[in-house]
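Here's the structure, in structure tokens; my notes come after.
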Amino acid sequence: SLQAGLAVLLKAERLFHSSYHSQAVHIRPVCRVTHPFAQLPCGGFTVAASLSLVQDASCLAVSWELRQTLTVVFDTFSSGQGKKDWSLFKMFSRTLTDACPLASQSKVYVDISPKNKEKELMEVTPPPASLHEAIVQGDKRTYAVYDLLSPSLFNTSRSLNVQLKWKRPQDSSELPTPILHAQRYVSGYGLQTGEISTLIYNTHPYRAFPMILLETVPWYLRLYVHTLTIITKGKENKPS
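In my numbering, the protein residues as written are 1241 to 1480.
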């Protein structure tokens, strides 16, 4: 059902109008423990249900974990005429009204990590009840946390519309580039000279990061694995 929880944001018209969207289903074996969490789908999202299983330290008994993910990228900076302001309603044309009744956890995280003195210039509403700090790619990040299961969240309003506003007009400069980022483009033409080039950048001064690259290939391109070329720091690496 799309009538409760985070799934109410899944409005097809807005999702397909985004710059990028991707749906995935992950299934993996996990070792059984005394009080694990079995993953159950609830309106397109994953919820946790506690099970009572016998602990298996040697991992001879295996359970299966199901995880469903949806990734959406909105370019609100371009669509908003150079403004950095955004809200759930502007992106999804909907707001959150309650949590999924089957969910044991239902939270919204908003990255409010400041750059230089930007913390003094931006305002997140409604004010979050708690903050969460984590290290991401060697960088300290701060997240505003909204717990949909908290009774106090919907006391003052029937819906949750998270908004980020800037206290003064911002310039039209480019947004900061993440430490680990990628670019991809298609060049050439036809089956003879057409190619896909993917450039991956790690701008961290000293740290290396493990990475899994998943390519989405346009339907009109036919790829030949023997033409794959990997170049790192100007040197070609032969795939094994």
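No residue lacks a Cβ here, since even glycine has one placed at the ideal position from N, Cα and C.
Cβ pair residue i, residue j closer than 9 angstroms
{"i": "residue 1337", "j": "residue 1247", "result": "no"}
{"i": "residue 1462", "j": "residue 1431", "result": "yes"}
{"i": "residue 1377", "j": "residue 1310", "result": "no"}
{"i": "residue 1188", "j": "residue 1324", "result": "In the structure as shown, the chain starts at 1241 and stops at 1480, and residue 1188 therefore has no counterpart that could be examined."}
{"i": "residue 1266", "j": "residue 1305", "result": "yes"}
{"i": "residue 1302", "j": "residue 1341", "result": "no"}
{"i": "residue 1369", "j": "residue 1385", "result": "yes"}
Residue burial classification, residue i (beta-carbon count within 10 angstroms, cutoff 16)
{"i": "residue 1454", "result": "exposed"}
{"i": "residue 1402", "result": "buried"}
{"i": "residue 1295", "result": "Below a pLDDT of 50, predicted positions are generally treated as unreliable, and residue 1295, at 47, falls in that range; no measurement from the model is reported."}
{"i": "residue 1475", "result": "exposed"}
{"i": "residue 1464", "result": "exposed"}
{"i": "residue 1446", "result": "exposed"}
{"i": "residue 1439", "result": "exposed"}
{"i": "residue 1249", "result": "buried"}
{"i": "residue 1448", "result": "exposed"}
Residue i - DSSP class collapsed to helix/strand/coil
{"i": "residue 1431", "result": "helix"}
{"i": "residue 1362", "result": "strand"}
{"i": "residue 1450", "result": "coil"}
{"i": "residue 1372", "result": "strand"}
{"i": "residue 1393", "result": "helix"}
{"i": "residue 1266", "result": "strand"}
{"i": "residue 1438", "result": "strand"}
{"i": "residue 1466", "result": "helix"}
{"i": "residue 1478", "result": "coil"}
{"i": "residue 1312", "result": "strand"}
{"i": "residue 1328", "result": "helix"}
{"i": "residue 1348", "result": "strand"}
{"i": "residue 1254", "result": "helix"}
{"i": "residue 1246", "result": "helix"}
{"i": "residue 1407", "result": "coil"}
Which listed residue (the options) has its alpha carbon closest to that of residue i
{"i": "residue 1460", "options": "1388, 1426, 1386, 1363", "result": "1426"}
{"i": "residue 1331", "options": "1344, 1259, 1448", "result": "1259"}
{"i": "residue 1313", "options": "1326, 1400, 1266", "result": "1326"}
{"i": "residue 1363", "options": "1375, 1350, 1373", "result": "1350"}
{"i": "residue 1481", "options": "1442, 1382, 1365, 1389", "result": "With the chain running from 1241 to 1480 in the structure shown, residue 1481 is simply not present."}
{"i": "residue 1469", "options": "1329, 1449, 1436", "result": "1436"}
{"i": "residue 1251", "options": "1449, 1328, 1448", "result": "1328"}
{"i": "residue 1272", "options": "1255, 1254, 1298, 1261", "result": "1298"}
{"i": "residue 1348", "options": "1383, 1373, 1316", "result": "1383"}
{"i": "residue 1365", "options": "1405, 1396, 1394", "result": "1405"}
{"i": "residue 1456", "options": "1424, 1473, 1467, 1441", "result": "1424"}
{"i": "residue 1458", "options": "1444, 1434, 1441, 1477", "result": "1434"}
{"i": "residue 1422", "options": "1316, 1452, 1477", "result": "1452"}
{"i": "residue 1473", "options": "1396, 1441, 1315, 1466", "result": "1441"}
Expected contact under 8 angstroms - CB spacing of residue i and residue j to nearest Å
{"i": "residue 1371", "j": "residue 1407", "result": "Not confirmed; about 19 angstroms, so no contact."}
{"i": "residue 1392", "j": "residue 1335", "result": "Not confirmed; about 17 angstroms, so no contact."}
{"i": "residue 1333", "j": "residue 1254", "result": "5 angstroms"}
heavy atom of the ligand PLP below 8 angstroms from residue i C-beta
{"i": "residue 1374", "result": "Looking at this structure, you won't find the ligand PLP or any other ligand, since it has none at all."}
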